[in-house]
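Undergrad: Got a structure for you, questions after.
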Amino acid sequence: MSAVRGFLEYVPGTSLLHRMNPVAKIFCALLISVACFCTSNLIFLACVLIFDFALAAHCKMTRQAMGLAKAVTIFSLILAVIQLLTNSTGIELVPLPWGYIGTGGVIGAVTIILRLVAAAVPLFLVMYVTKMTDLANSMVKVLHVPYKYAFTFTSTVHFIPVFMNDMAGIMEAQTARGVQFDQGSIVKKIRLMVPLCIPLLVSSVRKTNSAAIAAEVRGFNLRTRESGFKQYPFAARDFVSLVICVGILVVAILLGVFF
Amino acid sequence: MIEISNFSFTYRESSEPVVRDINLTIPDGAFVGITGAAGSGKSTLTYAMNGIIPHCYPGDFYGSVKVCGLDTVECDLTEISRHVGSVCQDIDSQMVSSIVEDEMLYGLENFGVSHEEIETRVSEALDAIGIADLRDRTIDSLSGGQKQKVALAAIVALRPDVLVLDEPTAELDPASSVAVYELLRRYAREHGTTVVIVEQKIALLSDYADLLVVIESGRIRFADCPENVLEHADELLSIGVNCPRSATLCHDMKAAGLYAGPICRNVEDAVGMAEQALGLASASPESSRTAADAFAMTGAQATADIAERTAEKGGAR
Ligand SMILES: Nc1ncnc2c1ncn2[C@@H]1O[C@H](COP(=O)(O)OP(=O)(O)O)[C@@H](O)[C@H]1O
Ligand SMILES: [Mg+2]
Numbered sequence: 026m027s028a029v030r031g032f033l034e035y036v037p038g039t040s041l042l043h044r045m046n047p048v049a050k051i052f053c054a055l056l057i058s059v060a061c062f063c064t065s066n067l068i069f070l071a072c073v074l075i076f077d078f079a080l081a082a083h084c085k086m087t088r089q090a091m092g093l094a095k096a097v098t099i100f101s102l103i104l105a106v107i108q109l110l111t112n113s114t115g116i117e118l119v120p121l122p123w124g125y126i127g128t129g130g131v132i133g134a135v136t137i138i139l140r141l142v143a144a145a146v147p148l149f150l151v152m153y154v155t156k157m158t159d160l161a162n163s164m165v166k167v168l169h170v171p172y173k174y175a176f177t178f179t180s181t182v183h184f185i186p187v188f189m190n191d192m193a194g195i196m197e198a199q200t201a202r203g204v205q206f207d208q209g210s211i212v213k214k215i216r217l218m219v220p221l222c223i224p225l226l227v228s229s230v231r232k233t234n235s236a237a238i239a240a241e242v243r244g245f246n247l248r249t250r251e252s253g254f255k256q257y258p259f260a261a262r263d264f265v266s267l268v269i270c271v272g273i274l275v276v277a278i279l280l281g282v283f284f
Numbered sequence: 003m004i005e006i007s008n009f010s011f012t013y014r015e016s017s018e019p020v021v022r023d024i025n026l027t028i029p030d031g032a033f034v035g036i037t038g039a040a041g042s043g044k045s046t047l048t049y050a051m052n053g054i055i056p057h058c059y060p061g062d063f064y065g066s067v068k069v070c071g072l073d074t075v076e077c078d079l080t081e082i083s084r085h086v087g088s089v090c091q092d093i094d095s096q097m098v099s100s101i102v103e104d105e106m107l108y109g110l111e112n113f114g115v116s117h118e119e120i121e122t123r124v125s126e127a128l129d130a131i132g133i134a135d136l137r138d139r140t141i142d143s144l145s146g147g148q149k150q151k152v153a154l155a156a157i158v159a160l161r162p163d164v165l166v167l168d169e170p171t172a173e174l175d176p177a178s179s180v181a182v183y184e185l186l187r188r189y190a191r192e193h194g195t196t197v198v199i200v201e202q203k204i205a206l207l208s209d210y211a212d213l214l215v216v217i218e219s220g221r222i223r224f225a226d227c228p229e230n231v232l233e234h235a236d237e238l239l240s241i242g243v244n245c246p247r248s249a250t251l252c253h254d255m256k257a258a259g260l261y262a263g264p265i266c267r268n269v270e271d272a273v274g275m276a277e278q279a280l281g282l283a284s285a286s287p288e289s290s291r292t293a294a295d296a297f298a299m300t301g302a303q304a305t306a307d308i309a310e311r312t313a314e315k316g317g318a319r
């Protein structure tokens with residue numbers, strides 16, 4: 026349960042990243058992520074990754090960043106293995122019936138993992154150092170996003186851990202009744218979990234419904250761009266950060282084109 | 003003023019009315035308690051008062067509900083919400099923000115409270131509910147009881163004419179529940195706010211409510227001042243409402259023909275009554291025996307409580 030609770034949950038702090046404008050933050054993170062997909066230069070990707078972790082350390086989020094990096098690595102391992110087995114280029118290392126595992130495949134596999142981790146960490150960092158309310162309100166104020174969409178977005182993020190907790194709760198209750206989730210094959214596990222999705226779905230619908238009602242009785246329909254009490258001005262640090270991130274993207278594109 | 007006449011409601015999913023034949027008039031500034039067994043329709047009745055029915059839950063609506071002069075069927079929910087502030091039962095899904103302060107701001111921003119006034123409203127409401135220290139906390143780090151207080155403060159900040167609260171102390175310990183009721187009563191008196199509050203703990207309601215409404219299977223069984231409602235201890239018990247022990251005791255004594263005064267809502271009342279009886283005792287040994295018999299007869303914990311408190315008071319004198 027505790028692992029679920031911390032998921033994408035705001036971590037209070039006063040670091041530079043905490044204080045930046047939410048819109049600037051999310052744009053910077055997006056620029057870095059896009060940059061990671063513009064080039065396959067390993068040195069560049071490694072630099073971005075180091076930069077990511079420097080940022081994480083700066084806002085005291087190394088633990089969360091490590092956890093996230095681990096999760097993304099595991100996820101991208103599948104892609105990396107496919108790359109390893111199918112990309113038979115470079116010097117032959119291990120012969121396979123249909124070709125060989127070569128240095129090209131190894132480099133490709135490493136690139137994939139490095140790229141996905143380097144691209145994911147900044148996005149998640151931004152989620153951790155930004156209150157969802159601030160992100161939504163600044164989107165509405167600065168980018169003129171309709172409040173309805175911003176609210177849908179924040180509610181979704183808000184409810185992910187709630188639903189995960191519900192699921193954990195239901196599974197606990199079933200385990201107490203003798204259902205064994207921790208044994209057997211994946212297929213068997215999934216078969217045990219499917220029936221649980223129905224109560225989960227019912228409770229999710231009910232919860233989102235009462236959330237919508239609660240917002241409505243507190244004037245949701247009256248909210249306009251001017252309603253927000255907090256202002257989200259752009260400061261020098263926001264412009265500087267944006268310029269730096271655009272720079273990173275330009276470097277990535279140049280590397281992608283010329284090397 | 004809330005006027006409910008001949009109101010019945012059937013949810014689209016249910017086959018028969020969940021509340022029916024409700025006639026209830028709540029004057030401005032009243033403190034009204036609603037109680038009843040689980041599933042008796044208390045929450046549904048509150049939805050009728052804050053406009054959630056018929057605006058959010060579809061179903062068959064009979065009769066009429068008027069709140070602050072607005073017909074809840076004709077007015078839209080936002081208009082009703084300007085007058086009625088609600089805290090619903092499911093506290094977790096009501097939070098729209100991740101930080102207490104943002105939660106407080108939400109309604110104020112939406113209803114267009116001027117930005118100069120917002121700060122005063124927020125700090126006043128937080129102080130009124132006694133949670134000024136929680137202002138910068140994340141909602142997820144709060145206990146259930148603290149969340150209930152935050153939800154309450156966020157509504158109080160809007161200064162509605164009517165507060166509709168559905169089990170706002172369900173997750174609070176008894177001492178904090180009393181504290182919340184104290185705060186609510188003081189706040190409501192200062193601002194002339196009407197308070198409608200659903201509560202399982204009838205002892206609390208009988209101490210604070212001017213009007214106590216008991217619901218049984220969707221119908222109003224009793225709607226009267228707490229003293230009069232508590233006269234019906236047997237019936238209350240049979241419909242799943244637990245009476246305070248002192249009320250049960252009075253009731254039993256009356257049934258045994260030992261007592262004819264008003265019902266004691268709580269131990270304080272009972273101490274007063276016992277003192278009276280014991281005061282008489284010095285004059286006539288007969289009534290002294292009556293009171294002593296009464297205490298001996300029931301043997302309930304309440305008896306001990308009352309006797310103890312009386313003895314304490316007597317000893318102090
Ligand atoms: N949103 C809803 N849709 C359909 N049925 C409901 C809904 N809310 C409550 N009910 C039904 O109405 C009845 C009374 O519920 P409720 O008003 O919540 O009672 P209480 O608050 O006294 O426990 C229950 O049988 C419940 O199943
Ligand atoms: Mg209820």
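Here the protein sequences come in this chain order: D and X.
According to this note's numbering, the residues represented by the first sequence are 26 to 284, in order.
According to this note's numbering, the residues represented by the second sequence are 3 to 319, in order.
Backbone N, C-alpha and C fix where the C-beta goes; we use that ideal spot for every residue, glycine too.
In whole angstroms, what is the alpha-carbon distance linking residue 193/X and residue 247/X?
TA: Residue 193/X and residue 247/X: Cα-Cα distance of roughly 33 Å.
Undergrad: When you compare the region 218-231 of chain X with the region 177-192 of chain X, are there three or more beta-carbon pairs, one atom per stretch, that lie closer than 8 Å?
TA: No: the two stretches stay apart, fewer than three of their Cβ pairs being nearer than 8 Å.
Undergrad: Give, in chain order, every residue of the region 91-108 of chain X whose Cβ lies closer than 9 Å to some Cβ of chain D.
TA: Going along the region 91-108 of chain X in chain order, one finds 91, 92, 94, 95, 96, 97, 98, 99, 100, 101, 104, 105, 107, 108 with a Cβ nearer than 9 Å to chain D.
Undergrad: What are the residues of the region 51-67 of chain X that lie near chain D, defined by any Cβ-Cβ distance shorter than 9 Å?
TA: Of all residues in the region 51-67 of chain X, 52, 53, 54, 57, 58, 59 have a Cβ within less than 9 Å of some Cβ in chain D.
Undergrad: Could you tell me which uninterrupted beta strand (DSSP E) segments, each at least 3 residues in length, are contained entirely in the region 155-197 of chain D, listed from first to last along the chain?
TA: The qualifying runs do not exist here; there are none.
Undergrad: Quick check on the DSSP output: the beta strand (DSSP E) that includes residue 151/X runs from which residue to which?
TA: Taken as a continuous stretch (DSSP letters only), residue 151/X belongs to no beta strand (DSSP E), being part of the alpha helix (DSSP H) at 146-158.
Undergrad: For residue 95/X, which of helix, strand or coil comes out of DSSP?
TA: If DSSP states are grouped into helix, strand and coil, residue 95/X belongs with the helices.
Undergrad: So what does DSSP say about residue 13/X, is it helix, strand or coil?
TA: DSSP places residue 13/X in strand when its eight states are reduced to three.
Undergrad: Please list, in chain order, all residues of the same chain as residue 285/X whose beta carbon is under 8 Å from its beta carbon, the five residues on each side excluded.
TA: Reliability fails at residue 285/X, whose pLDDT of 48 lies under 50, so the model's placement of it is uncertain and no value is given.
Undergrad: So that I know if they touch, is there some Cβ in chain D lying closer than 7 Å to that of residue 21/X?
TA: So, not an interface residue.
Undergrad: In whole angstroms, what separates the C-alpha of residue 198/X from that of residue 86/X?
TA: Straight-line Cα distance between these residues: approximately 10 Å.
Undergrad: Could one say the Cβ of residue 122/X lies closer than 7 Å to chain D's Cβ atoms, at least one of them?
TA: Output row for residue 122/X: interface = no.
Undergrad: For residue 29/D, collect the residues of the same chain with a Cβ closer than 7 Å to its Cβ; drop the 5 residues on either side in sequence, then sort them by chain order.
TA: With a pLDDT of 46 at residue 29/D, under the threshold of 50, the modelled position of that residue is not reliable, and the figure given next carries that caveat. The residues are 186, 189, 190, 193.
Undergrad: Tell me whether residue 129/D sits in a helix, a strand or coil according to DSSP, three-state version.
TA: Looking at residue 129/D - three-state DSSP - the assignment turns out to be helix.
Undergrad: Measure from the alpha carbon of residue 110/D to the alpha carbon of each residue in 127/D, 95/D, 98/D, then state which is nearest.
TA: Residue 110/D has its Cα closest to that of 127/D, out of 127/D, 95/D, 98/D.
Undergrad: Taking 7 Å as the cut-off, decide whether the C-beta atoms of residue 46/X and residue 166/X are in contact.
TA: Contact: no.
Undergrad: Mind listing which residues of the region 232-264 of chain D have their C-beta closer than 7 Å to chain X's C-betas, in chain order?
TA: Answer in chain order: 232, 235, 236, 238, 239, 240, 241, 242, 243, 244, 245, 246, 247, 248, 252, 253, 254.
Undergrad: Give a yes or no on whether 7 Å exceeds the smallest Cβ distance from residue 189/D to chain X.
TA: Output row for residue 189/D: interface = no.
Undergrad: Per DSSP, which residues does residue 62/X bridge with? Please list them.
TA: According to DSSP, residue 62/X bridges with 12/X.
Undergrad: Mind checking who residue 6/X pairs with in its DSSP beta bridge?
TA: In DSSP, residue 6/X forms a bridge with 26/X, 67/X.
Undergrad: Compare the Cα-Cα distances from residue 235/D to each of 94/X, 3/X, 206/X, 126/X and report the closest residue.
TA: Looking at the Cα atoms, 94/X is the closest of the given residues.
Undergrad: With a cut-off of 7 Å, does the C-beta of residue 173/D fall near any C-beta of chain X?
TA: No, because no Cβ of chain X sits closer than 7 Å to the Cβ of residue 173/D.
Undergrad: Which term fits residue 195/X, buried or exposed, when burial requires 16 or more other beta carbons within 10 angstroms of its beta carbon?
TA: Flag for residue 195/X reads buried.
Undergrad: In or out: residue 267/X buried (at least 16 other Cβ within 10 Å) or exposed?
TA: That one is buried.
Undergrad: Can you determine whether any heavy atom of ligand 4 sits closer than 6 Å to the C-beta of residue 44/X, and answer yes or no?
TA: Looking for ligand 4 in the displayed structure turns up nothing; the ligands present are ligand 1 and ligand 2.
Undergrad: Could you spell out where the beta strand (DSSP E) holding residue 33/X opens and where it closes?
TA: 33-38 is the span of the beta strand (DSSP E), which, as asked, contains residue 33/X.
Undergrad: Compare the C-beta of residue 112/X against all C-beta atoms of chain D and say whether one is closer than 7 Å.
TA: Closer than 7 Å: yes.
Undergrad: Under 6 Å from any heavy atom of ligand 2, does the C-beta of residue 91/X make it?
TA: Answer for residue 91/X: yes, Cβ within range of ligand 2.
Undergrad: Give the secondary structure of residue 174/X by DSSP, where H, G and I count as helix, E and B as strand, and everything else as coil.
TA: Three-state result, residue 174/X: coil.
Undergrad: Please find out if some non-hydrogen atom of ligand 1 comes closer than 6 Å to the beta-carbon of residue 20/X.
TA: Residue 20/X: yes, Cβ under 6 Å from ligand 1.
Undergrad: If you drop the 5 nearest sequence neighbours on each side, which residues of the same chain put their C-beta closer than 6 Å to that of residue 276/D?
TA: Closer than 6 Å at Cβ, skipping near neighbours: no residue.
Undergrad: Can you tell me which of the three DSSP states residue 83/X falls into?
TA: Helix.
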